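Have a look at the structure below before the remarks.
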Ligand SMILES: NC(=O)c1ccc[n+]([C@@H]2O[C@H](COP(=O)([O-])OP(=O)(O)OC[C@H]3O[C@@H](n4cnc5c(N)ncnc54)[C@H](O)[C@@H]3O)[C@@H](O)[C@H]2O)c1
């Protein structure tokens with residue numbers, strides 16, 4: 007039995023499914039049960055993973071900025087260091103990868119890791135182009151029985167996500183007809199930054215650019231504080247997807263968790279004037295989704311940068327919710343932020359007699375610790391993660407298709423099976439990105 011098989015067997019034994027002879031099984035985190043993890047992107051958001059990884063073997067640290075290594079090594083002294091994630095992923099004996107790099111590398115690192123049979127925790131967003139999301143999802147689906155994946159939408163663990171889902175699913179608003187999510191963050195930039203200075207010693211700017219087209223160095227891309235620096239680059243088309251990859255991923259998750267949708271059949275969008283350098287601040291996109299086994303067809307909408315859905319009642323000021331979701335049913339609305347919700351029954355027959363509150367023992371169980379859910383699933387593949395590459399891949403593919411609809415300014419008919427727009431050939435050009443020579447998405 008190799009190390010990885012032993013970890014899985016021991017974890018299953020821990021779940022009471024298999025009894026190994028005493029001595030063959032360690033405690034929950036006995037040395038033999040620990041994962042060998044590579045942390046890629048060790049500062050910024052990377053810092054938020056130190057505690058949850060402290061019980062595992064962090065054997066590799068990768069960052070394009072060598073100045074980040076001394077502090078990271080204090081916490082994980084046995085790790086090898088790398089500046090190029092492609093070399094890091096080839097370290098022998100790895101089990102899992104936690105990735106906190108810039109958004110334009112996410113789909114690359116996710117694909118390369120899955121192709122090397124590694125479990126992956128990928129910070130959101132999973133991808134910044136439709137094709138990227140599709141390739142990652144397809145690669146993982148082939149291995150989902152043995153590889154655990156999670157996209158970093160950790161707000162999903164808030165109990166309110168379950169409560170919103172229960173209200174919608176159990177019919178508190180009758181039949182669901184539409185769902186809206188919005189975020190009001192507004193960071194305006196005129197265009198890519200001009201050349202300024204040289205990258206500091208030990209900072210590998212060319213590796214930071216990675217697969218994206220070359221742009222001159224400017225320290226303004228790296229001027230944010232820890233965990234906030236993404237707000238210095240994520241609005242540029244070559245480095246991110248703007249609001250969609252930023253708070254949009256968290257906020258659409260609040261909606262997505264309650265509607266059980268797959269890929270949309272159409273997308274349309276409008277927003278501020280197109281800027282070839284910068285993703286739109288103000289924009290709204292709308293998607294048609296077919297019926298599923300518990301609801302009819304629905305329309306899903308995303309609003310950003312000041313665009314907002316109409317409020318059902320003048321006394322409900324949706325603008326007071328900076329990042330929120332609203333669900334419309336035949337008998338009312340649920341309106342929610344991440345931590346709370348209100349139910350607004352609507353119409354003469356909305357007396358709530360059609361709705362039965364769940365018994366205490368039937369409410370959805372708490373998810374627990376979001377990162378730990380993934381670590382547990384790495385060790386026991388029969389356990390599921392909430393935001394795996396299928397759930398998160400569908401969600402981000404939809405949002406990114408909205409950006410394509412915004413670019414072409416037409417309502418798109420979409421075939422989710424093939425990933426093609428069927429009524430607008432020019433839109434298909436924008437489903438993928440052009441990469442610098444030498445960089446392979448699915449390597
Ligand atoms: N889940 C959340 O709540 C949350 C919060 C903040 C950021 N994020 C996500 O985390 C990611 C990082 O955001 P940040 O603000 O920490 O950004 P950042 O620019 O500070 O980058 C984080 C670290 O990754 C390193 N890095 C960047 N590109 C790399 C590469 N190609 N290879 C190796 N190392 C690389 C940087 O040098 C830095 O140390 C983003 O994708 C962002 O969307 C998620």
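Numbering (my numbering), first residue to last: 7 to 449.
Note that the Cβ used here is the ideal one computed from N, Cα and C, for glycine as well.
If you're wondering where the values come from, they're calculated on a predicted model, not measured in any experiment.
### Query
Given a threshold of 16 other Cβ atoms within 10 Å of its Cβ, counted over all protein chains shown, does residue 401 qualify as buried or as exposed?
The residue given as residue 401 occupies position 395 in the chain shown. Residue 401 comes out buried.
### Message
Can you confirm whether the stretch 132 to 142 touches the stretch 353 to 372 when touching is taken to mean that 3 or more C-beta pairs between the two stretches lie within less than 8 Å?
### Response
Judged by Cβ distances under 8 Å, the stretch 353 to 372 makes no contact with the stretch 132 to 142, as fewer than three pairs qualify.
### Message
DSSP three-state label for residue 261, please.
### Response
As a working note, residue 261 is residue 255 in the chain shown. Note: residue 261 maps to helix in three-state DSSP.
### Message
So, for residue 81: in the same chain, excluding its five sequence neighbours on each side, which residues have a beta-carbon less than 6 Å away from its beta-carbon?
### Response
Sequence index remark: in the chain shown, residue 81 carries index 75 (1-based). Excluding sequence neighbours, residue 81 sits near 56.
### Query
Which ranges does the alpha helix (DSSP H) cover as unbroken runs of at least 4 residues, wholly within the stretch 151 to 201, from first to last along the chain?
Counting only unbroken stretches of 4 or more residues, the alpha helix (DSSP H) elements lying wholly within the stretch 151 to 201 are 165 to 175, in sequence order.
### Message
Does the stretch 422 to 432 come into contact with the stretch 299 to 319, if we say contact requires no fewer than three beta-carbon pairs (one atom in each stretch) closer than 8 Å?
### Response
Taking a cut-off of 8 Å on C-beta distances, the stretch 422 to 432 does not touch the stretch 299 to 319, as fewer than three cross pairs fall below it.
### Beta bridge counterpart(s) of residue 417 as assigned by DSSP
As a first step, residue 417 is located in the chain shown; it is residue number 411 there, counting from the start. Within the DSSP bridge table, the entry for residue 417 names no partner.
### Query
Nearest-angstrom Cα distance between residue 234 and residue 357?
Translated into positions along the chain shown, residue 234 becomes position 228. Translated into positions along the chain shown, residue 357 becomes position 351. Rounded to the nearest angstrom, the two C-alpha atoms are 46 Å apart.
### Query
Can residue 287 and residue 242 be called in contact, C-beta distance under 8 Å?
In the chain shown, counting from the first residue as 1, residue 287 sits at position 281. In the chain shown, counting from the first residue as 1, residue 242 sits at position 236. It is not a contact, given that the beta carbons lie outside the stated cut-off.
### Task
Check residue 221 in the structure and name its three-state DSSP category.
As a working note, residue 221 is residue 215 in the chain shown. If DSSP states are grouped into helix, strand and coil, residue 221 belongs with coil.
#### Entry: Assumed close pair residue 40, residue 63 - CB separation to whole angstroms, cut-off 8 Å
Working through the chain shown from its first residue, we reach residue 40 at position 34. Working through the chain shown from its first residue, we reach residue 63 at position 57. With a Cβ gap of about 5 Å, residue 40 and residue 63 count as contacting.
### Query
Counting along the chain, where does the alpha helix (DSSP H) carrying residue 431 start and finish?
Looking up residue 431 in the chain shown gives position 425. 431 to 435 is the extent of the alpha helix (DSSP H) around residue 431.
### Query
What are the boundary residues of the beta strand (DSSP E) that includes residue 105?
Here residue 105 is taken as the residue at index 99 of the chain shown, counted from 1. Note, residue 105: beta strand (DSSP E), 102 to 105.
### One or two residues paired with residue 249 in a DSSP bridge
Residue numbering aside, residue 249 sits at position 243 when the chain shown is read from its first letter. Per DSSP, residue 249 has no beta-bridge partner at all.
### Query
What is the DSSP secondary structure of residue 440, counted as helix, strand or coil?
By 1-based counting over the chain shown, the position of residue 440 is 434. Residue 440: coil per DSSP, three-state reduction.
### Query
What's the call for residue 432, buried or exposed, on a 16-neighbour Cβ count within 10 Å?
What you label residue 432 is simply residue 426 of the chain shown in a count that begins at 1. Around the beta-carbon of residue 432, fewer than 16 other beta-carbon atoms lie within 10 Å, marking it exposed.
### Message
Using only the alpha-carbon positions, how far apart do residue 84 and residue 405 sit?
### Response
Position 78 of the chain shown, counted from the start, is the residue given in the question as residue 84. Position 399 of the chain shown, counted from the start, is the residue given in the question as residue 405. Each residue's Cα considered, the two are about 40 Å apart.
### Query
Helix, strand or coil: which one does DSSP assign to residue 209?
Taking the chain shown and counting its residues from 1, one reaches residue 209 at position 203. Here residue 209 sits in strand by DSSP.
### Task
Tell whether a beta-carbon distance below 8 Å holds between residue 156 and residue 382.
Locating residue 156 in the chain shown gives position 150, counting from the first residue. Locating residue 382 in the chain shown gives position 376, counting from the first residue. The beta carbons of residue 156 and residue 382 sit no closer together than 8 Å.
### Query
Do you know offhand how far residue 436's Cα is from residue 49's?
In the chain shown, residue 436 corresponds to position 430, counting from 1. In the chain shown, residue 49 corresponds to position 43, counting from 1. So the two alpha carbons sit approximately 32 Å from each other.
### Query
With 16 other CB atoms within 10 Å as the buried threshold, where does residue 192 fall?
In the chain shown, the residue the question calls residue 192 occupies position 186. Residue 192 should be labelled exposed.
### Task
Flag this pair as touching only if the stretch 367 to 387 and the stretch 348 to 355 have three or more C-beta atom pairs under 8 Å; answer yes or no.
Counting Cβ pairs under 8 Å, fewer than three are found: no touch.
### Task
With a 10 Å radius around its C-beta and 16 neighbouring C-beta atoms as the bar for buried, classify residue 60 as buried or exposed.
Indexing the chain shown from 1 puts residue 60 at position 54. Counting other Cβ atoms within 10 Å of its Cβ, residue 60 stays below 16 and is therefore classed as exposed.
### Limits of the unbroken alpha helix (DSSP H) element including residue 381
Taking the chain shown and counting its residues from 1, one reaches residue 381 at position 375. Residues 376 to 385.
### Query
Per DSSP, what kind of secondary structure is residue 204 in: helix, strand or coil?
As a working mapping, residue 204 is identified with position 198 in the chain shown. Three-state DSSP puts residue 204 in coil, outside helix and strand.
### Query
Looking at the structure shown, is residue 293 part of a helix, part of a strand, or coil, going by DSSP?
Within the chain shown, the letter at position 287 stands for residue 293. Residue 293: strand per DSSP, three-state reduction.
### Query
With residue 116 and residue 43 assumed to form a contact (beta carbons below 8 Å), what rounded beta-carbon distance in angstroms separates them?
The residue you call residue 116 lines up with position 110 of the chain shown. The residue you call residue 43 lines up with position 37 of the chain shown. Actually they do not touch by this definition, with Cβ atoms about 15 Å apart.
### Query
In this structure, what does DSSP give as the bridge partners for residue 67?
By one-based count along the chain shown, residue 67 stands at place 61. Checking the DSSP bridge columns, you'll see residue 67 partnered with 45 and 87.
#### Entry: Identified DSSP bridge partners for residue 276
Translated into positions along the chain shown, residue 276 becomes position 270. 290.
### Query
For residue 290, which residues of its own chain have a beta-carbon under 6 Å away from its beta-carbon, when the five flanking residues on both sides are left out?
Along the chain shown, read from residue 1 onward, the residue named residue 290 stands at position 284. Non-local C-beta neighbours of residue 290 in its own chain, meaning closer than 6 Å and more than five positions away in sequence, comprise 309 and 313, ordered along the chain.
### Query
Should residue 107 be labelled buried (16 or more other beta-carbon atoms within 10 Å of its own) or exposed?
Counting from one through the chain shown, the residue named residue 107 turns up at place 101. Its Cβ being crowded by 16 or more others within 10 Å, residue 107 is buried.
### Query
Can you name the residues that DSSP bridges to residue 311?
Sequence index remark: in the chain shown, residue 311 carries index 305 (1-based). Bridge partners of residue 311 according to DSSP: 313.
### Message
For residue 442 and residue 332, what's the separation of their Cα atoms in angstroms?
### Response
By 1-based counting over the chain shown, the position of residue 442 is 436. By 1-based counting over the chain shown, the position of residue 332 is 326. Going by the C-alpha atoms only, they are around 41 Å apart.
### Task
Please say whether residue 259 and residue 218 have beta carbons closer to each other than 8 Å?
Counting from one through the chain shown, the residue named residue 218 turns up at place 212. Counting from one through the chain shown, the residue named residue 259 turns up at place 253. At a Cβ-Cβ threshold of 8 Å, residue 218 and residue 259 do not count as neighbours.
### Top-ranked residue by Cα proximity to residue 415, from 280, 447 and 253
The residue you call residue 415 lines up with position 409 of the chain shown. It is 280 whose Cα lies nearest to the Cα of residue 415.
### Query
Between which two residues does the alpha helix (DSSP H) carrying residue 120 extend?
Taking the chain shown and counting its residues from 1, one reaches residue 120 at position 114. Boundaries of the alpha helix (DSSP H) around residue 120: 112 to 121.
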